[in-house]
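Residue numbers (the numbering used here), protein chains in the order written: chain A, 250 to 572; chain B, 265 to 666; chain C, 445 to 532. Before any comments, here is the structure.
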Amino acid sequence: MTVRVVVAESVVHGAGLVLPPEGTGPAESWFDHRARLGRGYKYLPPACQYLLAAARTALEDCGPEADPLAAAPELRGAVVGTNSAVAALHAAIDETVRREGASALSPMSVPYFAVNLVAGRLSTEHVLKGFNLTVTSPRVAGVEALHLAALELAAGRAAVTLAGAAEAPDPRAADAEPEAGAALFVLRPGGGPVPAGGRVLRTVLRFVPPPALAAAEGRRLARDSVRRALDALHSGGPAPDEVELLADPSPVGDAVADALRSWCADRAPVSTRRSGARAGALTPVVRLAARPLPAGAGRRLVVTASRAGNVALATAHTPEHTD
Amino acid sequence: MRPSATPDVFVTGIGAVSCLGATADAFWTGLKAAASRPTPVPGLTEHVPDVLAYQVPDDGTAAADASPGALGRAARFALTAAREAVTDAGLGAHEVAEAAVVIGTAVGESGGREGGHDGEGAGDGTPEPAAGSWEPMFSVASAVGAELATFGPNISVSNACAASGYALSVAVDLIRRGEADTVLLGGAEGIARVPLASFSRLGAADPETCRPFDAGRRGTVFGEGAAVLVLQSARAAAGRPVYGRVLGTAWSCDAHHPTAPDPGGEQLVRVARAALEEAGRGPGDVGCVVPHGTGTRQNDVVEYQVLREVLGDRAAHTPLFSLKAFIGHTAGAAAAFAAVSAALMVRHGEIPANIALARQDPECPVWLPQDGPTALRQPNVLVNAYAFGGSNFTMVFGGGSR
Amino acid sequence: MPEQTTSAAAVLDTEDLRSTIAEILDVDPSEVTDTADFKEDLDVDSLLALEILVTLERKYQVKMEESNLQLMRSFKVVHDLLAEKLAA
Chain A
250 MTVRVVVAES VVHGAGLVLP PEGTGPAESW FDHRARLGRG YKYLPPACQY
300 LLAAARTALE DCGPEADPLA AAPELRGAVV GTNSAVAALH AAIDETVRRE
350 GASALSPMSV PYFAVNLVAG RLSTEHVLKG FNLTVTSPRV AGVEALHLAA
400 LELAAGRAAV TLAGAAEAPD PRAADAEPEA GAALFVLRPG GGPVPAGGRV
450 LRTVLRFVPP PALAAAEGRR LARDSVRRAL DALHSGGPAP DEVELLADPS
500 PVGDAVADAL RSWCADRAPV STRRSGARAG ALTPVVRLAA RPLPAGAGRR
550 LVVTASRAGN VALATAHTPE HTD
Chain B
265 MRPSATPDVF VTGIGAVSCL GATADAFWTG LKAAASRPTP VPGLTEHVPD
315 VLAYQVPDDG TAAADASPGA LGRAARFALT AAREAVTDAG LGAHEVAEAA
365 VVIGTAVGES GGREGGHDGE GAGDGTPEPA AGSWEPMFSV ASAVGAELAT
415 FGPNISVSNA CAASGYALSV AVDLIRRGEA DTVLLGGAEG IARVPLASFS
465 RLGAADPETC RPFDAGRRGT VFGEGAAVLV LQSARAAAGR PVYGRVLGTA
515 WSCDAHHPTA PDPGGEQLVR VARAALEEAG RGPGDVGCVV PHGTGTRQND
565 VVEYQVLREV LGDRAAHTPL FSLKAFIGHT AGAAAAFAAV SAALMVRHGE
615 IPANIALARQ DPECPVWLPQ DGPTALRQPN VLVNAYAFGG SNFTMVFGGG
665 SR
Chain C
445 MPEQTTSAAA VLDTEDLRST IAEILDVDPS EVTDTADFKE DLDVDSLLAL
495 EILVTLERKY QVKMEESNLQ LMRSFKVVHD LLAEKLAA
């Protein structure tokens, strides 16, 4: 490979997590949009409601002193990753059209067939005029969103960006576990001061074409790709204290697991507690937001691998000295 | 905002699958013929009144293969166009193996998840248990990467009608950062009940044809297909024929209303100006505009006003090429198709005649040459793509000597 | 998605209609006064007005033309329009 691995870095100023309480059943309603958001959010798909609630929490989490969005509206951006935010809506629209025709569709709900309206609502709520981007790669879209947000901040396309993931259960999740909820960060450019309670995110994206894994050469390229990503992610810094692998059971998952374990060697053991097929991109972002992080500026490494080939690697840590 | 001395990004190959045919050559021939009409969608007309679309001709090879793991419709289009673009650019195996893939799509493989056309499926509304593994809706980019065995970054972008525009910016940035030397950049959309029915429900569908800027226009008409461009760094493009360069792109967001566009067009003016600024070009350098031009009553008027504001007194002398009249509104693929059109116009030095309007709307008096081809007087083409939801994109493509 | 259908009533239950519309607008029925202007007072844009129309069509089993939308500016007007259609 002659091209370079790029690590994107950003500083988290606030984080918001909206998740169903432990033990919530799959069909159970757990989010009251009237109570959490107020009036006027009734027609939003649930993933959008979760995202808006997460944004409010993240902005409050930024602390009382400064205005978290202090930047001209045209320097505020949003990047959100999802796989299934509107899967249920598509299924419902399809069924209504088949049984009764398009004239029976609810005009207020239908615009959200365009998945980007889920993230787009953040822009109207918080006057973000810089840009609004929705990414949708299988399993890794949330980390992808963090990655692209950090790069846009580094390029000066924004001074502050809301970034994360939102999901709702996919009615066609098949063997994969459905996801529900949202995780959103308020990000500022990497290299900047880290506020108390904040953290630093570093991300790398990779791709392993599944058919190539049938051959030894393909497996070698995959292993090298993951190792180079891990090296770049940790360059000049300590090895991670916590390592989590979220992988689809698949040749890609196996290849990434092997590369990760051999790279970790006698370092922290690789936890596969949350591995398994999931129908969404939310869990990796939740794990990057989860508190507490390892003590003493230790890093949590979260590696995500989709059977489709997408791989994302991310670390979160709190520097020894914050602002 | 962005550094002025940024590395060049070249377009070295193109591919296209559209209602005009399965290749970029068929696409250009179809643009020159100026005779497109949309057709009724089989299996849908009884549910969605007056539904029409610009459909990719069925050549018999894309048999509806519903077996698990089979490529979806949008992915099949994307792969065909990607292979054509790779061949057109003359990429070697090593370059393909290292390539990044960035593809924009609004609804991905939604069409593949639909229930049977005759209403089969769980009659009580419970979801059908899908056999085997979860098939993500937005799997187009990863499917292309898998089939072509690429190891570069692989990103799926879903900003509705501007998706492949945003994808293009992401691709350009990959090259500028040195993260990729070669990117397969594109957009893909397959016909699906959900977007067609939704357009209809929202009163955004024209029952006859897609006729942007026409006084009688009543909305847009969906189109399917895929367009792919090979983007390369200067190092990788050295020694190859090039179509031109992506000189500048820009993003903005209306943040005005959840579903309605901002009638003032402030963010549309801003995004066009920012793209021109990054490109280092002015109104007088623009040889042609490929507008977003959907055929909805509101868009076309606002876009005319935006062009008048941005191009000033050059506006009346800058021809538009109203692409959606030829291939419909290809949603996530629209910007990529516009970029392919720009590359072809620069290559051929001409703008094909627009499809004749019955009568142009006096409220959007853009210059739409209809009588024959127009010479491309400046080798720079401005492309607009405005996503439903208020995410806006403009690009400046530049041909001519490097 | 629009509500379940009920059988068409020869007499229109005013308060039931009021609470149906309030539910569509996501407000308290007390806010849907007889004369409150949908657009000016209750923030009803064209899409929400269309939602009202579609929901009422299904609930009361009547056909409303989209040209009726322009006229549907207050509860009283909607009530009278619907009562007329049900009586027909």
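For each residue, glycine too, the CB sits at the ideal point set by N, CA and C. Just so it is clear, the structure is predicted and the values come from calculations on it, not from any experiment.
The continuous alpha helix (DSSP H) containing G409 of chain B extends over residues 404-412. Residue-level contact by beta carbon holds for V498 of chain C and chain A, with a gap shorter than 8 Å. Between the region 624-633 of chain B and the region 578-588 of chain B, the count of Cβ pairs shorter than 8 Å is three or higher; the stretches touch.
Taking the C-beta atoms as reference points, A526 of chain A is found nearer than 8 Å to E426 of chain A.
Apart from sequence neighbours up to five positions away, the residues of its chain that approach R499 of chain B with a beta-carbon distance below 7 Å are D445, ordered along the chain. Burial is judged here by how many other beta carbons sit within 10 angstroms of a residue's own beta carbon; K503 of chain C has at least 16 and is buried. Counting the other Cβ atoms within 10 Å of the Cβ of Q531 of chain B gives 16 or more, which makes it buried.
Scanning chain B for C-beta atoms nearer than 8 Å to the C-beta of S386 of chain A yields F402, A405, S406, N418, I419, S420, reported in chain order. Cα atoms of T276 of chain B and L531 of chain A: separation of roughly 37 Å, rounded to the nearest angstrom.
One alpha carbon belongs to A471 of chain A, the other to L491 of chain C, and they sit about 50 Å apart. In the structure shown, S516 of chain B falls within a strand segment according to DSSP collapsed to helix, strand and coil. Any Cβ of chain C closer than 8 Å to the Cβ of A284 of chain A would place that residue at the interface, and such an atom is absent. With 16 or more other Cβ atoms from the protein chains shown falling within 10 Å of its own Cβ, L284 of chain B counts as buried.
By the criterion of at least three beta-carbon pairs nearer than 8 Å, the region 461-478 of chain B is not in contact with the region 402-422 of chain B.
Counting of Cβ neighbours within 10 angstroms places Q298 of chain A among the buried residues, the total reaching 16 or more. Unbroken alpha helix (DSSP H) stretches of 4 residues or longer found wholly inside the region 600-646 of chain B: none. In this structure, E401 of chain A sits near A407 of chain A, with a CB-CB distance shorter than 8 Å. Counting only Cβ-Cβ distances below 7 Å, L491 of chain C has contacts in chain B at T523, in chain order. By the C-beta density criterion, S433 of chain B is buried, having at least 16 other C-beta atoms within 10 angstroms. In this structure, DSSP gives T293 of chain B a helical state, which the three-state scheme calls helix. For the region 454-471 of chain B, the residues whose beta carbon sits under 7 Å from a beta carbon of chain A are, in order, R457, V458, P459, A461, S462, S464, R465, L466. Take the alpha-carbon of E466 of chain A and the one of S278 of chain A: they are about 49 Å apart. In the structure shown, C552 of chain B falls within a strand segment according to DSSP collapsed to helix, strand and coil. In the three-state reduction of the DSSP assignment, F661 of chain B falls in the strand class, which pools E and B. Cβ proximity to chain A below 9 Å picks out T499, E501, R502 from the region 499-510 of chain C.
Rounded to the nearest whole angstrom, the CA to CA distance from G613 of chain B to L438 of chain B is 29 Å. The beta-bridge partner set that DSSP reports for F415 of chain B is empty. Restricting attention to A:R448, A:L411, A:D490, the CA atom closest to the CA of L318 of chain A is found in A:L411. When DSSP reads this structure, D478 of chain B sits in a beta bridge with B:Q624. Residue-level contact by beta carbon holds for A461 of chain A and chain B, with a gap shorter than 8 Å.
Residues of the same chain with a CB within less than 8 Å of the CB of A424 of chain B, apart from the 5 flanking positions on each side, are A370, A595, G596, A651, F652, G653, S655 in chain order.
Take the alpha-carbon of V457 of chain A and the one of P269 of chain A: they are about 32 Å apart. Proximity of T414 of chain B to chain A, defined by a Cβ-Cβ separation below 8 Å, is satisfied. For I496 of chain C, the enclosing alpha helix (DSSP H) covers residues 490-504. Within its own chain, the residues whose Cβ lies closer than 6 Å to the Cβ of P489 of chain A, once the five positions on either side in sequence are excluded, are A517, R548, L550, listed in chain order. Contacts with chain C at 8 Å (Cβ-Cβ) do not include S333 of chain A.
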